[in-house]
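K.L.:
Heads up: the sequence lines are chains L and D, in that order.
Following our numbering, the numbering of the first sequence begins with 1 at its first residue and continues without gaps.
Following our numbering, the numbering of the second sequence begins with 1001 at its first residue and continues without gaps.
This is the structure I want to talk about, given as structure tokens.
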Amino acid sequence: MTAVTARITAKKRLGDRLFSGGALAAGALILVVLAGVAIFLVAQSIPAFLIDPSEIKGSPSSFWAYVGPLVFGTIWAAALALLIAVPIALGISLFISHYAPRRLAQGLGYTIDLLAAVPSVVFGLWGAGVLAPSIQPFYAWLVDNLGWFPLFAPPVSGTGRTILTVAIVLAVMILPIITALCREVFLQTPKLHEEAALALGATRWEMIKMAVLPFGRPGIISAVMLGLGRALGETMAVAMVLSPAAVISFVLTGPQNPTTIPANIALNYPEAHGSYVNVLIATGLILFVITFAVNSLARWAVARRKEFSGAN
Amino acid sequence: MKITRTGGIAALALVGALALTSCAANETPSGDGSSAPESTLSGTFNGAGASSQGAAQDAWVAAFQTANPKVTINYEQTGSGAGRETFIAGGSDWAGSDSALSDDELAKTFGSCAADSKAIDIPTYISPIAVIFNVEGVKELNLDAATLAKIFKGEITTWNDPAIAALNKGTTFPDTAITAVHRSDDSGTTKNFADYLNQVAPEVWDQKPADAFPYQTGEGAQGTSGVVNAVTNGSGTIGYADASKAGSLGTAKIKVGDEFVAYSPEAAAAVVAESPLVEGRAANDLAFKLDRKTTDPSHYPLVLVSYSIVCTEYADAAKGEFVKAYIGYITSAEGQKVAAESAGAAPLSADLAKKVADAIASIK
Chain L
1 MTAVTARITA KKRLGDRLFS GGALAAGALI LVVLAGVAIF LVAQSIPAFL
51 IDPSEIKGSP SSFWAYVGPL VFGTIWAAAL ALLIAVPIAL GISLFISHYA
101 PRRLAQGLGY TIDLLAAVPS VVFGLWGAGV LAPSIQPFYA WLVDNLGWFP
151 LFAPPVSGTG RTILTVAIVL AVMILPIITA LCREVFLQTP KLHEEAALAL
201 GATRWEMIKM AVLPFGRPGI ISAVMLGLGR ALGETMAVAM VLSPAAVISF
251 VLTGPQNPTT IPANIALNYP EAHGSYVNVL IATGLILFVI TFAVNSLARW
301 AVARRKEFSG AN
Chain D
1001 MKITRTGGIA ALALVGALAL TSCAANETPS GDGSSAPEST LSGTFNGAGA
1051 SSQGAAQDAW VAAFQTANPK VTINYEQTGS GAGRETFIAG GSDWAGSDSA
1101 LSDDELAKTF GSCAADSKAI DIPTYISPIA VIFNVEGVKE LNLDAATLAK
1151 IFKGEITTWN DPAIAALNKG TTFPDTAITA VHRSDDSGTT KNFADYLNQV
1201 APEVWDQKPA DAFPYQTGEG AQGTSGVVNA VTNGSGTIGY ADASKAGSLG
1251 TAKIKVGDEF VAYSPEAAAA VVAESPLVEG RAANDLAFKL DRKTTDPSHY
1301 PLVLVSYSIV CTEYADAAKG EFVKAYIGYI TSAEGQKVAA ESAGAAPLSA
1351 DLAKKVADAI ASIK
């Protein structure tokens, strides 16, 4: 045993050392960058917690009153986007991995990947210029006919630039990420599990329910969390599409919509000066914390599910 | 090598001087006066401030640098407030600002200026703000300040409201809801729009004008182009935007005195030229207290004025010389024409241009 260990140590070559050193440096670098961002955010945010809140735009009663609607808007928009995107993404990836003929699956896969390459500013232009005006009549119909339902409370937005439009745009943006990851995960399902299910008389849907989905669950969660991360951090598309206001409101089709932290920073930073800059950076710190919490949650969920995943 | 180059420059200067002196015999002296000092300008100069005059600044900088190849000018669009702060701290050579220096700011020490000297405000960019609308079947729209304020405050909510109908005899309005679109980002356009409403209809518009839209009503859109887009694509929409960006949208006439006035560059420049100056300022400070309440129908009071804030005396003489030449250029007939073409600005009226020229001449 000792002899074996000694031989391995002796065989360590220059290439090995260079590579392990390089990998270590890369790993350390990401921590340094993250720490750098965190230190910048915290240092720049401190004045925001100390200033007189009347200096903040809209003169809220405190910093928390200012950031509250933004936190709500960020999470609300991202949650709506996930609600729209996840079922569609699962459908597309299952279709590609288990239903579509091979040729079609390949073409569809490329198309989805292409969607991921479209810059967010283009989605913003599309959302503000095409989607919002064309979906407005539908919102008007919803409010006229379902106005009693709190989510569609009147008045209706005259331009269609509502949080629901933003959620649709965000959903389109996160769709490719979730789809691509889920597709890869579903393709990894052990053939034996699938064939065993089919051999026991399961239909294709039962096979997917019993073999593919349980196996892919951690992967699905990771994919959803990655999509959520992008939705939380999306800036330009939200800034361009949304008609924002400093409100906490669940209404999907109204003219007054809660805005998101990144969009609020993008809109106000160019003309901000003095301590208002610190306030905006402090909202960035809050977003950082939210994203961090979301990622930790995803990690925890994936780790917890590992033993039940059906893999091996 | 060095000797020949110096010799070359000397020869060029000699030839140039000869050529100029020979020209002086048959040309107007002003032609010589402007070309001779310009060629001596060199260096890098920095300005910062209002984004409203950003498009005009880009065009001015390009034209000025072409005429003075050794000069590099940077204009950073940081916003009016940040621009004034940077200038006071000495970080820039002049500031662009949608509002003149406040008394508090004037009491501070100016970093770029000579000891014990202060800064002055010079109006360099005037732009009418148009009220744009998109209502099916409505081509012309007359509004007064109170009605406009109520629309943007959300107190008038449908187009067939009696208050609107009373101002527009002979036009039938649909019963569609009004969607009032404002800027979602901070903007000098919003501040000037709010200032007009606050001055003329204070009983409705009770908020102090600021860069941010004050009420939680209507819809927000990003930037001038965002507002124009939202108004164009929406139904029953109304908004405000720099007049040059209104495009093919309908623009409302606003009530001045007993008449309804459409925006025009001349009417916008006229209201600035005939407004009183802010009292208690230095002799050459041209900070206007805009008379939005004017009743003269040749005026269009919904206008944005953007200033250049400069030192009366610079600590660095070279900077003084540059600012004098550059601000002189942008306020000249030629510079104002460039701004009109590139940004749709309203050129300074003749007598205002003269006051501005006098103020610039006093810069040291």
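Just so you know, even glycine gets a beta-carbon here, dropped at the ideal spot from N, CA and C.
Consider the Cβ of residue 12 of chain L: report whether some Cβ of chain D lies at a distance smaller than 9 Å.
P.N.:
The beta carbon of residue 12 of chain L does not come within 9 Å of any beta carbon belonging to chain D, so the residue lies off that interface.
K.L.:
Report the partner residues of residue 1279 of chain D according to the DSSP bridge assignment.
P.N.:
DSSP, once it has assigned bridges, lists no residue as partnering residue 1279 of chain D.
K.L.:
Would you say residue 1206 of chain D lies against chain L (beta-carbon separation less than 9 Å)?
P.N.:
no
K.L.:
DSSP beta-bridge partners for residue 1081 of chain D?
P.N.:
Beta-bridge pairing links residue 1081 of chain D to no other residue.
K.L.:
Using DSSP with H/G/I as helix, E/B as strand and the rest coil, what is residue 1255 of chain D?
P.N.:
strand
K.L.:
In this structure, does DSSP put residue 81 of chain L in helix, strand or coil?
P.N.:
helix
K.L.:
Identify the contact partners of residue 1172 of chain D in chain L, using a Cβ-Cβ distance below 8 Å as the criterion.
P.N.:
Listed by position along chain L, the residues whose Cβ is nearer than 8 Å to that of residue 1172 of chain D form an empty set, because the closest Cβ is around 20 Å away.
K.L.:
Within the continuous alpha helix (DSSP H) that includes residue 1329 of chain D, where are the two ends?
P.N.:
Looking at the DSSP string, the run of the alpha helix (DSSP H) that includes residue 1329 of chain D is 1317 to 1331.
K.L.:
Is the CB of residue 1019 of chain D under 9 Å away from at least one CB in chain L?
P.N.:
Confidence at residue 1019 of chain D is low in this model, with a pLDDT of 47, below 50, so its placement is unreliable and the value that follows should be read with caution. So, not an interface residue.
K.L.:
Quick check on residue 99 of chain L: buried or exposed, where buried means 16 or more other Cβ atoms within 10 Å of its Cβ?
P.N.:
exposed
K.L.:
Between which two residues does the beta strand (DSSP E) containing residue 1304 of chain D stretch?
P.N.:
DSSP places residue 1304 of chain D inside the beta strand (DSSP E), whose first and last residues are 1303 to 1311.
K.L.:
For residue 1045 of chain D, which residues does DSSP report across the bridge?
P.N.:
The partner list for residue 1045 of chain D (beta bridge, DSSP) reads D:1073.
K.L.:
Going by beta carbon distance, what residues of the same chain come within less than 6 Å of residue 183 of chain L, once the five residues before and after it are set aside?
P.N.:
93, 96 and 97
K.L.:
Can you list, in chain order, the residues of its chain with a C-beta nearer than 7 Å to that of residue 167 of chain L? Leave out the 5 residues immediately preceding and following it.
P.N.:
If you ignore the 5 residues before and after residue 167 of chain L, its C-beta comes within less than 7 Å of the C-beta of 77, 80, 81 and 84, all in its own chain and listed in chain order.
K.L.:
Once DSSP output is grouped into helix, strand and coil, what is the label at residue 1123 of chain D?
P.N.:
strand
K.L.:
Using CA coordinates, which residue listed in D:1329, D:1355, D:1279 and D:1360 is at the minimum distance from residue 1311 of chain D?
P.N.:
D:1360
K.L.:
Taking the alpha-carbon positions, what's the residue 1120 of chain D to residue 1105 of chain D distance?
P.N.:
About 11 Å.
K.L.:
Please classify residue 194 of chain L as buried or exposed, where buried requires at least 16 other C-beta atoms within 10 Å of its C-beta.
P.N.:
buried
K.L.:
Between the C-alpha atoms of residue 1350 of chain D and residue 1225 of chain D, what's the straight-line distance to the nearest angstrom?
P.N.:
31 Å
K.L.:
Which residues in chain D have a C-beta closer than 7 Å to the C-beta of residue 267 of chain L? List them in chain order.
P.N.:
1184, 1185 and 1222
K.L.:
For residue 1220 of chain D, which beta-bridge partners are listed by DSSP?
P.N.:
D:1182
K.L.:
To the nearest angstrom, how far is the alpha carbon of residue 1101 of chain D from that of residue 1283 of chain D?
P.N.:
15 Å
K.L.:
Nearest-angstrom Cα distance between residue 283 of chain L and residue 67 of chain L?
P.N.:
6 Å
K.L.:
Is DSSP giving residue 1092 of chain D helix, strand or coil here?
P.N.:
Residue 1092 of chain D falls in the coil class under three-state DSSP.
K.L.:
Report the CB separation of residue 179 of chain L from residue 127 of chain L in whole angstroms; it is logged as a contact under 8 Å.
P.N.:
20 Å between Cβ atoms; not a contact.
K.L.:
Note down the Cα distance separating residue 1329 of chain D from residue 1211 of chain D, rounded to an integer number of angstroms.
P.N.:
29 Å
K.L.:
I need the boundaries of the beta strand (DSSP E) containing residue 1242 of chain D, first residue and last residue.
P.N.:
1237 to 1242
K.L.:
Buried or exposed, going by whether 16 or more other CB atoms sit within 10 Å of the CB of residue 64 of chain L?
P.N.:
Classification for residue 64 of chain L: exposed.
K.L.:
Please return the same chain residues whose Cβ sits closer than 8 Å to the Cβ of residue 1110 of chain D, not counting the five positions on each side in sequence.
P.N.:
1087, 1088, 1090, 1117, 1118, 1119 and 1311
K.L.:
What separation, rounded to the nearest whole angstrom, lies between the Cα atoms of residue 254 of chain L and residue 130 of chain L?
P.N.:
Cα-Cα distance, rounded: 18 Å.
K.L.:
Spell out a yes or no on whether the region 141 to 156 of chain L and the region 254 to 269 of chain L are touching, meaning 3 or more CB-CB pairs, one atom from each, closer than 8 Å.
P.N.:
Enough Cβ pairs lie closer than 8 Å, so yes.
K.L.:
Determine the direct distance from the alpha carbon of residue 1305 of chain D to that of residue 1050 of chain D, and round the result to whole angstroms.
P.N.:
11 Å
K.L.:
Which value, in whole angstroms, describes the spacing of the CA atoms of residue 134 of chain L and residue 160 of chain L?
P.N.:
Residue 134 of chain L and residue 160 of chain L: Cα-Cα distance of roughly 8 Å.
K.L.:
Over what stretch of residues does the alpha helix (DSSP H) that includes residue 240 of chain L continue unbroken?
P.N.:
236 to 241
K.L.:
If you count every other CB in all the chains shown that lies within 10 Å of the CB of residue 1219 of chain D, and 16 or more means buried, which is it?
P.N.:
buried
K.L.:
Could you check whether the Cβ of residue 1179 of chain D sits closer than 9 Å to any Cβ belonging to chain L?
P.N.:
Judged by the 9 Å Cβ criterion, residue 1179 of chain D is in contact with chain L.
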